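Just below is one structure, and these are the notes that go with it.
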């Protein structure tokens with residue numbers, strides 16, 4: 000009862016905390032080729048009305064299709080001319096993704112599950128580390144839109160929700176090739192008869208996405224290199240399926256997303272040179288920090304494994320039984336999560352590369368659901384204290400990530416660095 004009365008205050012406080020950490024991350028991002036690609040496309044559109052109709056370069060398979068990357072940078076800049084404008088828009092999408100996901104959670108569970116999800120999603124370094132101008136960082140919103148629009152079609156078809164469901168996949172396609180995972184989830188939902196589809200909505204959504212891709216198709220017809228980069232690795236579609244490691248690594252990432260074993264770019268690159276101390280002191284801090292994060296990471300990998308075993312026990316025997324009616328809303332959600340696992344499995348088989356964490360980050364919101372349910376059902380006695388400790392630990396890791404990691408540094412100033420880059424490449428190119 001106390002938690003129910005205080006939930007909205009706690010929710011508001013943690014949301015503000017997450018936004019402040021997001022701003023801190025954004026301001027200290029190190030400009031690399033990924034951000035420069037997006038900035039160039041956006042500023043060319045905003046400043047010179049030159050629209051580049053393809054996205055960032057991807058590994059082995061050409062540039063991401065479509066024009067959306069140009070728009071999500073250019074339009075905020077056209078509204079307010081500041082390098083922070085596209086970052087604020089990204090944070091807005093992140094915030095919107097939380098509210099969309101929470102809308103699903105609160106229709107199924109009580110306050111305790113919503114609070115666990117709030118902490119494990121909104122403050123999670125896996126999530127906040129993506130407050131960077133980088134195309135995979137936008138995927139959380141499309142993941143949220145995908146599950147929400149599917150959930151709304153459990154009992155009856157809807158033109159609007161079927162339309163939004165297709166749009167979530169089609170827009171994700173214009174940011175990263177991991178969009179295919181959402182497609183496999185949708186196919187599983189259809190196979191399992193978990194959604195009532197409005198085919199008019201599907202058709203209209205497909206038409207809208209098709210129209211948005213016309214400029215990209217025209218660009219490819221003029222320059223086929225956009226869609227096919229030179230690849231000397233000798234790999235091919237389906238390469239992952241004839242090798243054990245790519246598929247195994249993908250499942251390991253699923254477990255890692257539900258744990259605190261964060262990406263190496265976040266936890267393994269700290270140097271502590273910002274302390275201004277001697278090399279010996281810096282080295283002691285480096286080893287101490289790594290000892291903490293790897294110990295916590297290893298322990299929580301085990302918790303994630305237990306949570307996924309518990310998750311499987313709840314849906315065992317119901318995974319492929321098409322005729323069986325979905326008994327409860329929780330069962331529907333768990334089967335959706337299993338669909339995400341199928342998507343990870345199939346995409347890792349088809350992939351011509353070995354996935355890194357950002358290739359699968361689109362399933363992060365779903366990978367933490369088994370942990371949320373496990374903590375809700377199994378750890379009620381210790382839950383309040385555990386959540387407080389998790390929040391403190393997340394704050395610590397996020398601050399470290401923003402000041403001393405491979406993508407962020409306390410010594411950098413995103414706004415200033417961006418202005419210098421745009422001046423040299425767009426305003427007064429040499």
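Numbering (the numbering used here), first residue to last: 0 to 429.
Backbone N, C-alpha and C fix where the C-beta goes; we use that ideal spot for every residue, glycine too.
Quick caveat, the model's predicted, so the values are computed rather than measured.
Residue i versus residue j: straight-line alpha-carbon distance, rounded
i: residue 382; j: residue 11; result: 20 Å
i: residue 73; j: residue 79; result: 10 Å
i: residue 294; j: residue 192; result: 42 Å
i: residue 238; j: residue 54; result: 24 Å
i: residue 93; j: residue 144; result: 12 Å
i: residue 337; j: residue 133; result: 28 Å
i: residue 231; j: residue 61; result: Any reading at residue 231 must be qualified, since the residue scores a pLDDT of 46, below 50, and its modelled position is unreliable; no value is offered.
i: residue 349; j: residue 236; result: 5 Å
i: residue 420; j: residue 29; result: 12 Å
i: residue 44; j: residue 304; result: 46 Å
i: residue 37; j: residue 18; result: 22 Å
i: residue 226; j: residue 173; result: 13 Å
i: residue 398; j: residue 342; result: 33 Å
i: residue 291; j: residue 209; result: 49 Å
i: residue 13; j: residue 175; result: 29 Å
i: residue 151; j: residue 389; result: 32 Å
i: residue 47; j: residue 40; result: 10 Å
i: residue 416; j: residue 35; result: 11 Å
i: residue 109; j: residue 7; result: 13 Å
i: residue 248; j: residue 356; result: 10 Å
i: residue 63; j: residue 69; result: 12 Å
i: residue 118; j: residue 221; result: 48 Å
i: residue 352; j: residue 245; result: 8 Å
i: residue 27; j: residue 131; result: 9 Å
i: residue 369; j: residue 114; result: 15 Å
i: residue 286; j: residue 402; result: 17 Å
i: residue 411; j: residue 66; result: 29 Å
i: residue 206; j: residue 378; result: 47 Å
i: residue 138; j: residue 366; result: 14 Å
i: residue 129; j: residue 156; result: 34 Å
i: residue 166; j: residue 284; result: 47 Å
i: residue 214; j: residue 4; result: 52 Å
i: residue 289; j: residue 154; result: 49 Å
Neighbour flag for residue i against chain C, beta carbons, 8 Å
i: residue 392; result: Protein chain content of the structure displayed is limited to a single chain, and chain C is not contained in it.
Where residue i sits in the DSSP three-state scheme
i: residue 20; result: helix
i: residue 64; result: strand
i: residue 231; result: Note on residue 231: pLDDT 46, under 50, position unreliable in the model; the coordinate value appears next. Note: residue 231 maps to coil in three-state DSSP.
i: residue 152; result: coil
i: residue 173; result: coil
Range of the contiguous alpha helix (DSSP H) that encloses residue i
i: residue 201; result: 198-211
i: residue 237; result: Looking at the DSSP string, residue 237 is not in any alpha helix (DSSP H), and its letter there is neither H nor E.
i: residue 296; result: 278-314
i: residue 80; result: Residue 80 -> no alpha helix (DSSP H), and no H or E assigned at all.
i: residue 264; result: 263-266
i: residue 225; result: Where residue 225 is concerned, there is no enclosing alpha helix (DSSP H), given that its DSSP letter is neither H nor E.
i: residue 179; result: 178-190
i: residue 38; result: 32-47
i: residue 112; result: 110-116
i: residue 122; result: Premise fails: residue 122 is in no alpha helix (DSSP H) and is neither H nor E.
Start and end residues, beta strand (DSSP E) containing residue i
i: residue 57; result: 53-57
Check: Does the stretch 162-174 touch the stretch 190-204, meaning 3 or more C-beta pairs lie closer than 8 Å?
Finding: Enough Cβ pairs lie closer than 8 Å, so yes.
Next item on the list: Report the residue ranges of all beta strand (DSSP E) runs contained in full by the stretch 331-416; include only those spanning at least 3 residues, in chain order.
Entry: Runs found: none.
Notebook entry, point to check: Is it true that the stretch 342-362 meets the stretch 252-266, where meeting means three or more beta-carbon pairs spaced less than 8 Å apart?
Noted result: In this structure the stretch 342-362 lies against the stretch 252-266, because at least three pairs of beta carbons, one per stretch, are closer than 8 Å.
Check: Between the stretch 269-279 and the stretch 327-347, do three or more beta carbon pairs fall short of 8 Å?
Finding: As far as the Cβ criterion goes, the stretch 269-279 does not touch the stretch 327-347, which means the pair count is below three.
Margin query: Using 8 Å as the cut-off, can you tell me whether the stretch 299-314 makes contact with the stretch 366-383, which would need three or more C-beta pairs spanning the two stretches below that distance?
Written below: With the cut-off at 8 Å, the stretch 299-314 and the stretch 366-383 touch.
Margin query: Can you confirm whether the stretch 386-393 touches the stretch 121-135 when touching is taken to mean that 3 or more C-beta pairs between the two stretches lie within less than 8 Å?
Written below: The stretch 121-135, when compared against the stretch 386-393, does touch it at the 8 Å Cβ threshold.
Notebook entry, point to check: If we count Cβ pairs, one from each stretch, closer than 8 Å, do we get three or more for the stretch 264-271 versus the stretch 397-415?
Noted result: The answer is yes - the stretch 397-415 touches the stretch 264-271, with three or more Cβ pairs under 8 Å.
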